[in-house]
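Note sheet for the following structure.
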Amino acid sequence: MEQTFDTVLDGHERARRGARAAEAARRLAGEDIAAVALTWVDVSGITRTKTVPIGRLEHAAIWGVGMSPVFDVFLLDDSIVSGRHVGGPVGDLRLHPDLDRLVPLAALPGWAHAPADRYAQDGAAHPLDARALLRRETGRLAAGGWTARTAFEIEWAVSATPDEFTPACHGPAYGMARVSELAGYLRALLVALDRTGVSVEQLHPEYAAGQYEVSVAAEDPVGAADTAVLVRETIRAVTLEHGMHASFSPKVVAGSVGNGAHVHLSLWREDTGDGPANAMAGGPGPYGMTDAGQAFAAGILDRLPALLAIGAPSAASYLRLVPSHWAGAYACWGLENREAALRFVTGAEGERDHAANLEIKCFDGAANPYLALAALLAAGRSGLDAGLALPDPVEVDPAGLPDGERAARGVRPLPVSLAEAVAVFEDDAVLRDALGEAVTDTVAAVRRGEVALFDGATPEEIAATTRWRH
Ligand code: GLU
Ligand code: MG
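With my numbering as the guide, the letters of the sequence shown map in order to residues 616 to 1085.
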């Protein structure tokens, strides 16, 4: 039987967590922290929460906080579909804070945050818990001697108004004017992220009206997904504090450039004495990839159409994922090619051994970051197991190639709708095997629910319904 990589909450583990939580609560209370938000991300990519006063943190660490399993079949508008494995008002799960990731939220004074793991009443991991799933997938990679380093780029657009989108700044794309206009806000954001322990690498004004982006240091996969949640909630809080509103939607305004949540991913061979080695550099493959790095990349490239049901999971995702918008609408790869769904980034000469990585551009911020990384790792691992090789890279905007040449080069358009993506996803045996029947069927049920929700809706209606949800 396969190793589960799950922690079972037996008496010993509960006692250990209780003692740690009591100590953390004392320390946080001394810093005027009054409440802890325990968060998990649902299948629709929405961060949901139960909170406890600091005095209950110890109890929550030992026994968890009650929470219905029905959230696994919530849609982005809070309506509920029924799945084969979940649905209905009956049953209870326990949310347990991960004490290793408990941090004061600098952007919400008096509050701390802990990502939560969902357990059944008997102390076993909930089969639909995305965080546990990612931990398991990381474990499977580790069993083969590999680790992954990952990070999400977060794009968001700032509005002066809460309903309609009114850009809160007017400077041009990448313009310094846009920094000057909102300098106090952006500074407060960087300070809050730093105080929350997030390692920011850069912040810049993006292309679309009112749009910015922050990139953070790579971490282990679960850490990177936790950080994506933390960064987003910090941005949201600082934006509100400054009297503005942040949209992370894949398509804030129909017809404009959307928000991506590109994933950066590198594969590392475990330390065999001279430190861990990046499989994306120093090898004989294309642009210096090792054979393993190439196989991992090819595994992801092969499955991109199916992966979209996880990484571009909303109707609005397909308004964003259009050619020539730097979103990566074609399943192909290329060095530094911003129109390739899989972009290879080597970094500057001299830093490649640690900097070279894959960027998955077609993913957006409606994705559950835990599910997104679990599915990417599973796809990469299948490529590793099969020893796949990459096709030739594409060095141009694939949209500009004549149809015949595009097909001859093996460049496929990605699914153009959520319905198309979910159909490919359901047929993908590798993802089904890695995610499990319950997760696969539940993801499909939620996606089909969203397809039905937006049946007949115009792009404007989809953008308006989605704008403030994630
Ligand atoms: N906003 C673009 C997207 O939808 C990405 C721009 C960039 O290359 O960073 O993914
Ligand atoms: Mg960007």
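We treat Cβ as the ideally placed atom computed from N, Cα and C, and that holds for glycine.
Handout entry: Pairwise C-alpha distance: residue 994 and residue 917
Key = The residue given as residue 917 occupies position 302 in the sequence shown. The residue given as residue 994 occupies position 379 in the sequence shown. Going by the C-alpha atoms only, they are around 8 angstroms apart.
Problem - Collapsed DSSP secondary structure at residue 713 in the structure displayed - result: Here residue 713 corresponds to residue number 98 of the sequence shown, with the count starting at 1. DSSP places residue 713 in coil when its eight states are reduced to three.
Handout entry: Beta-carbon proximity of residue 771 to residue 863, cut-off 9 angstroms
Key = By 1-based counting over the sequence shown, the position of residue 771 is 156. By 1-based counting over the sequence shown, the position of residue 863 is 248. Yes, these two residues count as a Cβ contact at 9 angstroms.
Exercise for the section: Note down, in chain order, each residue of its chain lying with its Cβ closer than 6 angstroms to the Cβ of residue 980, except the 5 sequence neighbours on either side. Expected result: Here the question's residue 980 lines up with position 365 in the sequence shown. Same-chain partners within the cutoff: 863, 874, 876, 1085.
Problem - Among 1047, 738, 796, nearest to residue 1086 - alpha-carbon criterion - result: Outside the shown range of the chain, which is 616 to 1085, sits residue 1086, and nothing can be said about it.
Problem - C-alpha distance - residue 675 paired with residue 714, whole-angstrom precision - result: Against the sequence shown, residue 675 aligns to sequence position 60. Against the sequence shown, residue 714 aligns to sequence position 99. Taking the straight line from one Cα to the other gives about 11 angstroms.
Practice task
From the DSSP output, in three-state form, read off residue 682 for me.
Solution key: Position 67 of the sequence shown, counted from the start, is the residue given in the question as residue 682. Reduced to three states, the DSSP call for residue 682 is strand.
Exercise for the section: Kindly examine ligand 2 and report whether one of its heavy atoms sits closer than 8 angstroms to the Cβ of residue 941. Expected result: The residue you call residue 941 lines up with position 326 of the sequence shown. Indeed, a heavy atom of ligand 2 lies less than 8 angstroms from the Cβ.
Exercise for the section: Report all residues from its chain with a CB closer than 7 angstroms to the CB of residue 840; omit the five preceding and five following residues, and keep chain order. Expected result: The count along the sequence shown starts at 1 and reaches residue 840 at position 225. For residue 840, where only same-chain residues beyond five positions count, the Cβ hits under 7 angstroms are 749, 984, 985, 988.
Handout entry: Inter-residue spacing [alpha-carbon to alpha-carbon] between residue 925 and residue 879
Key = Locating residue 925 in the sequence shown gives position 310, where the first residue counts as 1. Locating residue 879 in the sequence shown gives position 264, where the first residue counts as 1. Each residue's Cα considered, the two are about 16 angstroms apart.
Problem - Residue burial classification, residue 681 (beta-carbon count within 10 angstroms, cutoff 16) - result: Here residue 681 refers to the residue found at position 66 of the sequence shown. By the 10 Å Cβ count, residue 681 comes out exposed.
Practice task
Specify the secondary structure class of residue 909 as computed by DSSP and reduced to three states.
Solution key: Here residue 909 refers to the residue found at position 294 when the sequence shown is read from its first residue. Reduced to three states, the DSSP call for residue 909 is helix.
Problem - Lining residues of ligand 2 - beta-carbon closer than 7 angstroms to any non-hydrogen atom, in sequence order - result: 768, 770, 821, 828, 875, 877
Problem - Short Cβ contact (9 angstroms threshold) for residue 1078 with residue 868 - result: Here residue 1078 refers to the residue found at position 463 when the sequence shown is read from its first residue. Here residue 868 refers to the residue found at position 253 when the sequence shown is read from its first residue. For residue 1078 and residue 868, yes; Cβs fall inside 9 angstroms.
Handout entry: Distance, residue 631 Cα to residue 932 Cα
Key = The residue labelled residue 932 in the question sits at position 317 within the sequence shown. The residue labelled residue 631 in the question sits at position 16 within the sequence shown. Distance between the alpha carbons of residue 932 and residue 631 is about 43 angstroms.
Practice task
Note the first and the last residue of the continuous beta strand (DSSP E) segment covering residue 764.
Solution key: The residue labelled residue 764 in the question sits at position 149 within the sequence shown. Run containing residue 764: 761–774, per the beta strand (DSSP E) assignment.
Practice task
Return yes when the C-beta of residue 976 is under 8 angstroms from any heavy atom of ligand 1, and no when it is not.
Solution key: Translated into positions along the sequence shown, residue 976 becomes position 361. Checking every heavy atom of ligand 1 against the Cβ of residue 976, one is found closer than 8 angstroms.
Practice task
Identify whether residue 861 lies in helix, strand or coil by the three-state DSSP scheme.
Solution key: Sequence index remark: in the sequence shown, residue 861 carries index 246 (1-based). Residue 861 falls in the strand class under three-state DSSP.
Handout entry: Beta-carbon contacts of residue 997 that lie in its chain and below 7 angstroms, excluding the five residues immediately before and after
Key = Taking the first residue of the sequence shown as 1, we reach residue 997 at position 382. Hits under 7 angstroms: 914, 1045.
Practice task
Helix, strand or coil for residue 616, going by three-state DSSP, please let me know.
Solution key: If you number the sequence shown from 1, residue 616 lands on position 1. With a pLDDT of only 46 at residue 616, under the threshold of 50, the placement of this residue in the model should not be trusted; the figure read from the coordinates follows. Note: residue 616 maps to coil in three-state DSSP.
Exercise for the section: Determine contact between the region 938–956 and the region 1029–1037, defined as no fewer than three beta-carbon pairs at a distance below 8 angstroms. Expected result: yes
Exercise for the section: Using a threshold of 9 angstroms, state whether the C-beta atoms of residue 1081 and residue 865 are closer than that. Expected result: Mapped onto the sequence shown, residue 1081 falls at position 466. Mapped onto the sequence shown, residue 865 falls at position 250. Yes, the pair counts as a contact, with Cβ atoms nearer than the cut-off.
Problem - Neighbour flag for residue 985 against chain D, beta carbons, 9 angstroms - result: Of the protein chains in this structure there is only one, and it is not chain D.
Exercise for the section: Taking residue 739 as part of the beta strand (DSSP E), name the residues at either end of that continuous run. Expected result: Numbered from 1 along the sequence shown, position 124 holds the residue referred to as residue 739. Looking at the DSSP string, residue 739 is not in any beta strand (DSSP E), and its letter there is neither H nor E.
Problem - Identity of the residue in 902, 773, 743 nearest residue 688 by Cα - result: Walking along the sequence shown from the start, residue 688 turns up at place 73. Of the listed residues, the one whose Cα sits closest to residue 688 is 743.
Exercise for the section: Using beta-carbon positions only, say whether residue 759 and residue 928 come within less than 9 angstroms of one another. Expected result: Taking the first residue of the sequence shown as position 1, residue 759 is located at position 144. Taking the first residue of the sequence shown as position 1, residue 928 is located at position 313. No, they are not a contact pair.
Problem - Residues of its chain near residue 793, where Cβ-Cβ distance is below 6 angstroms and the 5 sequence neighbours each way are ignored - result: Taking the first residue of the sequence shown as 1, we reach residue 793 at position 178. Contacts found: 784, 786, 820.
Practice task
With hydrogens ignored, establish whether the beta-carbon of residue 979 is closer than 8 angstroms to any heavy atom of ligand 1.
Solution key: The count along the sequence shown starts at 1 and reaches residue 979 at position 364. Checking every heavy atom of ligand 1 against the Cβ of residue 979, one is found closer than 8 angstroms.
Exercise for the section: Give the single residue among 694, 653, 683, 1003 whose Cα lies nearest to the Cα of residue 1069. Expected result: As a first step, residue 1069 must be located in the sequence shown, where it is residue number 454. Residue 1069 has its Cα closest to that of 694, out of 694, 653, 683, 1003.
Exercise for the section: Would you please state the rounded distance, in angstroms, between the beta carbons of residue 722 and residue 813? I believe it to be under 8 angstroms. Expected result: Here residue 722 corresponds to residue number 107 of the sequence shown, with the count starting at 1. Here residue 813 corresponds to residue number 198 of the sequence shown, with the count starting at 1. Contact doesn't hold; Cβ gap of about 11 angstroms is too wide.
Exercise for the section: State the start and end residues of the unbroken alpha helix (DSSP H) segment that holds residue 957. Expected result: Indexing the sequence shown from 1 puts residue 957 at position 342. Premise fails: residue 957 lies in the beta strand (DSSP E), 955–960, not in any alpha helix (DSSP H).
Practice task
With a 10 Å radius around its C-beta and 16 neighbouring C-beta atoms as the bar for buried, classify residue 709 as buried or exposed.
Solution key: Along the sequence shown, read from residue 1 onward, the residue named residue 709 stands at position 94. Buried.
Practice task
Tell me whether the beta-carbon of residue 654 lies closer than 9 angstroms to the beta-carbon of residue 700.
Solution key: Counting from 1 along the sequence shown, the entry for residue 654 is found at position 39. Counting from 1 along the sequence shown, the entry for residue 700 is found at position 85. Taking 9 angstroms as the Cβ cut-off, residue 654 and residue 700 do not qualify as a contacting pair.
Practice task
Please list, in chain order, all residues of the same chain as residue 616 whose beta carbon is under 7 angstroms from its beta carbon, the five residues on each side excluded.
Solution key: Along the sequence shown, read from residue 1 onward, the residue named residue 616 stands at position 1. Bear in mind that the predicted position of residue 616 carries a pLDDT of just 46, short of 50, making it unreliable; the figure below should be weighed with that in mind. Around residue 616: no qualifying Cβ.
Problem - Proximity to residue 671 [Cα-Cα], best of 686, 711, 685, 692 - result: The sequence position of residue 671 within the sequence shown is 56, counting from 1. Considering only alpha carbons, the answer is 711.
Practice task
Can you tell me which of the three DSSP states residue 837 falls into?
Solution key: Position 222 of the sequence shown, counted from the start, is the residue given in the question as residue 837. Note: residue 837 maps to helix in three-state DSSP.
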